[in-house]
Amino acid sequence: MNSILSDRILNMEESATLAMAKKARELKSQGIDIIGLSLGEPDFKTPKHIQEAAKAAIDEEKYFSYPPVAGYQDLREAIAKKLREENNISEAKAENIVVSTGAKHSIANTFMCLINEGDEVVIFSPYWVSYAEIIKLAGGVPVLIEGTLENNFKATASQLEAALTDKTKAIIYSSPCNPTGSVFSQAELEAIAEVVKKRENLVVIADEIYELINYTGKNFSIASLPGMFERTITVNGFSKGYAMTGWRVGYICAPLAIAKAVEKIQGQFTSGGTGIAQRAALAGIAGDQQSSKDMADAYFKRRGIVLELLQDIPGIKTHIPEGAFYFFPDVTAFFGKSAQGHTVKDADDLCLYLLDIANVSLVTGAAFGAPNCVRLSYAASEEELVEALKRIKKALGELA
Ligand code: PMP
Ligand code: GLU
């Protein structure tokens with residue numbers, strides 16, 4: 002019998018980040034002392050004033066009904082104001098904002114609204130796991146341009162230019178980047194914008210979800226460049242900067258026609274984001290930003306700790322990430338080596354070896370388009386990070 006499931010879902014890969022996190026959770030529940038560095042999830046609690054706003058919203062008994070599909074007006078206005086004032090996106094207005102159930106949902110909505118069968122989307126690689134699968138689900142064809150370790154994994158404007166064809170509809174990158182932590186500079190984004198502006202009907206999806214975890218200073222938004230507002234969908238959300246992964250609130254800022262299309266698809270799929278979570282998000286974006294800054298400071302300190310420990314492991318090659326909370330070291334030095342019943346052919350095997358022998362979970366770089374690397378999330382306590390790196394060093398040292 003043919004499968005009852007659609008080709009659409011049969012052709013889709015499972016999210017490698019979530020799959021590895023699930024595996025680590027299962028081993029932990031069996032009593033194994035796993036240190037999970039696979040999931041890109043803040044280990045901090047959602048700041049208290051945001052929690053309080055959600056409680057107050059429940060007590061007010063005003064937010065139990067279907068919310069407006071594109072999000073509460075005051076939240077959309079607060080987001081637009083933040084984009085104008087913090088990101089210099091001067092054209093941003095509430096009507097350009099659509100609030101969704103997490104940035105992942107914002108990205109899915111956007112691709113569903115942009116892509117026709119066979120349209121190409123250029124992805125700056127290494128890239129976040131879900132981009133390619135969502136593009137394929139929408140009928141699109143992912144086209145990867147590869148950043149090299151020497152250039153901090155950042156693909157360039159000239160690589161972009163060479164990858165464009167008559168079928169290219171959109172490009173997508175994240176900055177700060179998941180999985181590499183690299184940050185595009187203003188000059189790099191200006192060069193990318195010049196390439197994009199030469200084409201009609203080509204848009205940029207700028208995923209800025211890690212903007213508040215940027216060690217180079219303020220994040221630069223490509224939508225703030227002349228002529229780019231009409232060609233950019235800026236994606237952002239509350240999961241990372243406000244430690245709100247479980248609340249599921251993300252948003253886009255897009256030219257009106259695209260924002261309207263996203264609102265339309267959302268009206269058919271979810272009827273909009275959860276009301277109480279939106280009230281919490283409003284307190285996050287409009288309130289005191291100190292807790293986000295404190296979290297970013299803590300990540301910066303951890304980056305230093307992990308960097309020193311990684312540099313002390315023979316065979317590991319790493320760049321210095323400038324944002325987000327990931328390291329993305331090259332681990333090819335270990336390919337072809339064996340220990341304790343494991344043979345490490347590739348990064349997938351190395352992750353399984355480290356899970357089994359060091360009890361530390363990482364994610365294979367293959368899931369992010371870079372099969373020579375592994376991703377380590379340092380959104381974990383300093384004690385866990387030090388212990389994890391000690392175990393990783395020991396286990397890698399045994400490979401021969
Ligand atoms: N973009 C990137 C680059 C991410 O790492 C994530 C992580 N979850 C998302 C989007 C989606 O975030 P969320 O759906 O939690 O808002
Ligand atoms: N974005 C995070 C990560 O890359 C969370 C998991 C996910 O949504 O894929 O690990």
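Sequential numbering of the sequence shown, starting at 2, is according to my numbering. Beta carbons are placed, not taken as given, at the ideal position from N, Cα and C, and that holds for glycine. Computed from a prediction, not measured in an experiment: that's the story for all the values here.
Is the beta carbon of residue i within less than 8 Å of some heavy atom of the ligand PMP?
| i | result |
| --- | --- |
| aspartate 349 | no |
| alanine 104 | yes |
| arginine 77 | no |
| serine 240 | yes |
| arginine 249 | yes |
| isoleucine 98 | no |
| isoleucine 80 | no |
| asparagine 215 | no |
| serine 175 | yes |
Using a threshold of 8 Å, is the CB atom of residue i nearer than that to any non-hydrogen atom of the ligand GLU?
| i | result |
| --- | --- |
| glutamate 209 | no |
| glycine 285 | no |
| alanine 22 | yes |
| leucine 40 | yes |
| threonine 18 | yes |
| proline 180 | yes |
| serine 1 | Outside the shown range of the chain (2 to 401) lies residue 1, about which nothing can therefore be said. |
| serine 378 | yes |
| threonine 246 | yes |
In the DSSP assignment, what residue or residues form a beta bridge with residue i?
| i | result |
| --- | --- |
| asparagine 373 | Note: asparagine 373 sits in no beta bridge, so no partner. |
| lysine 338 | Val345 |
| isoleucine 481 | Since the first and last residues shown for the chain are 2 and 401, residue 481 lies out of range. |
| cysteine 254 | Ile98 and Thr235 |
| valine 364 | Arg376 |
| tyrosine 174 | Ala207 |
| asparagine 215 | Gly324 |
| aspartate 167 | Bridge partners of aspartate 167: none, in fact. |
| glycine 37 | Ser362 |
| aspartate 295 | Answer is none; aspartate 295 lacks a bridge partner. |
| aspartate 331 | Lys318 and Cys374 |
Taking 8 Å as the cut-off, is the beta-carbon of residue i closer than that to any non-hydrogen atom of the ligand PLP?
| i | result |
| --- | --- |
| tyrosine 174 | Looking at this structure, you won't find the ligand PLP anywhere; what it does contain is the ligand PMP and the ligand GLU. |
Q: For the stretch 110 to 118 and the stretch 274 to 281, state whether three or more C-beta atom pairs, one from each stretch, are separated by less than 8 Å.
A: No, the stretch 110 to 118 does not touch the stretch 274 to 281.
Q) Can at least three beta-carbon pairs, one atom from the stretch 146 to 155 and one from the stretch 317 to 333, be found at a separation below 8 Å? A) Touching, yes.
(Q) Suppose only complete runs of 4+ residues qualify. What are the alpha helix (DSSP H) ranges in the stretch 73 to 121, listed by chain order? (A) The qualifying runs are 74 to 86 and 104 to 115.
Q: Inspect the CB distances between the stretch 240 to 257 and the stretch 277 to 295 and report whether three or more fall short of 8 Å.
A: At 8 Å Cβ cutoff, the stretches touch.
Q) With contact counted as at least three CB pairs below 8 Å, one residue from each stretch, are the stretch 363 to 372 and the stretch 24 to 35 in contact? A) Because the criterion of three Cβ pairs below 8 Å is not met, the stretch 363 to 372 and the stretch 24 to 35 do not touch.
(Q) Check whether the stretch 253 to 264 and the stretch 68 to 87 are in contact - that is, three or more C-beta pairs closer than 8 Å. (A) Contact holds: three or more Cβ-Cβ distances are below 8 Å.
Q) If we count Cβ pairs, one from each stretch, closer than 8 Å, do we get three or more for the stretch 261 to 273 versus the stretch 128 to 139? A) Contact fails: fewer than three Cβ-Cβ distances are below 8 Å.
(Q) Three or more C-beta pairs under 8 Å: does that hold for the stretch 207 to 225 against the stretch 165 to 180? (A) Taking a cut-off of 8 Å on C-beta distances, the stretch 207 to 225 touches the stretch 165 to 180, as three or more cross pairs fall below it.
Q: Specify whether the stretch 196 to 212 and the stretch 291 to 309 touch according to this definition: at least 3 beta carbon pairs, one from each stretch, less than 8 Å apart.
A: Counting Cβ pairs under 8 Å, fewer than three are found: no touch.
Q) Quick one: any contact between the stretch 185 to 201 and the stretch 57 to 64, if contact means 3 or more CB pairs under 8 Å? A) By the Cβ criterion, the stretch 185 to 201 is not in contact with the stretch 57 to 64, since fewer than three pairs of Cβ atoms, one from each stretch, lie closer than 8 Å.
Q: Taking 8 Å as the threshold, find out whether the stretch 331 to 344 comes into contact with the stretch 377 to 387 through three or more Cβ pairs.
A: The answer is no - the stretch 377 to 387 does not touch the stretch 331 to 344, with fewer than three Cβ pairs under 8 Å.
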